[in-house]
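The next block holds one structure in the form of structure tokens; read it before the comments.
Number of protein chains: 2
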Amino acid sequence: MDETQALDALGALAQETRLRIVRLLVTAGPDGMAAGAIGEAMGATSSRLSFHLTHLEAAGLVQSRRDGRSIRYSAVYDALSGLIAFLMRDCCQGHPEVCTPAVASLAACACPSSEPAE
Amino acid sequence: MDETQALDALGALAQETRLRIVRLLVTAGPDGMAAGAIGEAMGATSSRLSFHLTHLEAAGLVQSRRDGRSIRYSAVYDALSGLIAFLMRDCCQGHPEVCTPAVASLAACACPSSEPAE
DNA sequence: CTTTCATCTCAATGTATCTTGAGACATTAA
DNA sequence: TTAATGTCTCAAGATACATTGAGATGAAAG
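Residue numbers (the working numbering), protein chains in the order written: chain A, 1 to 118; chain B, 1001 to 1118.
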């Protein structure tokens, strides 16, 4: 993830509806959700939803595939972890006090406390 | 860090000049830098720089204090780590595959490989 | 083949954001 | 006090973004 990609991802996430869509899709898992179901969850009109999904897909944060008459959207986990890694790499340069608290907060989530790879 | 704060922080970082300012200030350390020095590094006019610094300060990502005739800006580490934690907490809900790679990337940075707190 | 359903595309509108330039304000030095 | 320095504020203009509504497209059912 370079600066340009990070800017695209940050810009895509810096909007209430889109941030919520991403959160929804992450919890929805790899199968994702049909556009209609996302729209229902968001309370958004079809064109508004399409606008934001297109934006998220252009930023690489979600992907889509047709499934019958529906189109299913799912989160691109690599893009999210890439963004987080970018922010950490960026921020950590000689300043562990930035990311140490973030790492500590990881313990509170469902992640395995991954043995520190070398 | 709640959703509103995260949106403010993401919006502030989703702009080339501001993202670079934050990177610069993080590496500059707690003493920060005078506005003039930041502007010189960015190649930005004073009013343009002021606009972005004000935006970053409103988002809580940087703070300022007067130092003689200069005003020194420094990164707010808590805000950055809070945002990273928000994104991780968000993404990890039942989906460790999102943040595990990000954690792995931590090993490559200057951070201590923090014993997993409980 | 026609209808229905799910979603997308387009144009229009309003709002927000970024940049510029001129000038104001605060601080220090002469 | 006057001048110089560093930074901010304000108004104006250009660009980008978000939302709406109407209609087009693609897939499936009758």
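Note that the Cβ used here is the ideal one computed from N, Cα and C, for glycine as well.
Keep in mind that this is a model prediction, so the values were computed, not measured.
Limits of the unbroken beta strand (DSSP E) element including residue i
| i | result |
| --- | --- |
| Arg-66(A) | 62 to 67 |
| Ala-1075(B) | 1070 to 1075 |
Enclosing alpha helix (DSSP H) for residue i [first to last residue]
| i | result |
| --- | --- |
| Gln-5(A) | 3 to 13 |
| Ile-17(A) | In the sequence on display, residue 17(A) carries Thr and not Ile. Looking at the DSSP string, the run of the alpha helix (DSSP H) that includes Thr-17(A) is 16 to 28. |
| Ala-969(B) | Residue 969(B) falls outside the range modelled here, since chain B spans only 1001 to 1118, and no answer is possible. |
Any chain B beta carbon closer than 8 Å to residue i
| i | result |
| --- | --- |
| Ala-14(A) | yes |
| Gly-60(A) | no |
| Ile-84(A) | yes |
| Leu-7(A) | yes |
| Met-88(A) | yes |
| Glu-40(A) | no |
| Pro-101(A) | yes |
| Tyr-11(A) | Sequence check: residue 11(A) is Gly here, not Tyr. Yes, Gly-11(A) counts as interfacial toward chain B. |
Residues sharing a beta bridge with residue i, DSSP
| i | result |
| --- | --- |
| Met-33(A) | Tyr-73(A) |
Chain A within 8 Å of residue i, Cβ atoms only
| i | result |
| --- | --- |
| Thr-1025(B) | According to the sequence displayed, residue 1025(B) carries Leu and not Thr. So, not an interface residue. |
*Any residues in the region 1047 to 1074 of chain B with a beta carbon nearer than 9 Å to a beta carbon of chain A? Which ones, in chain order?*
Answer in chain order: no residues at all.
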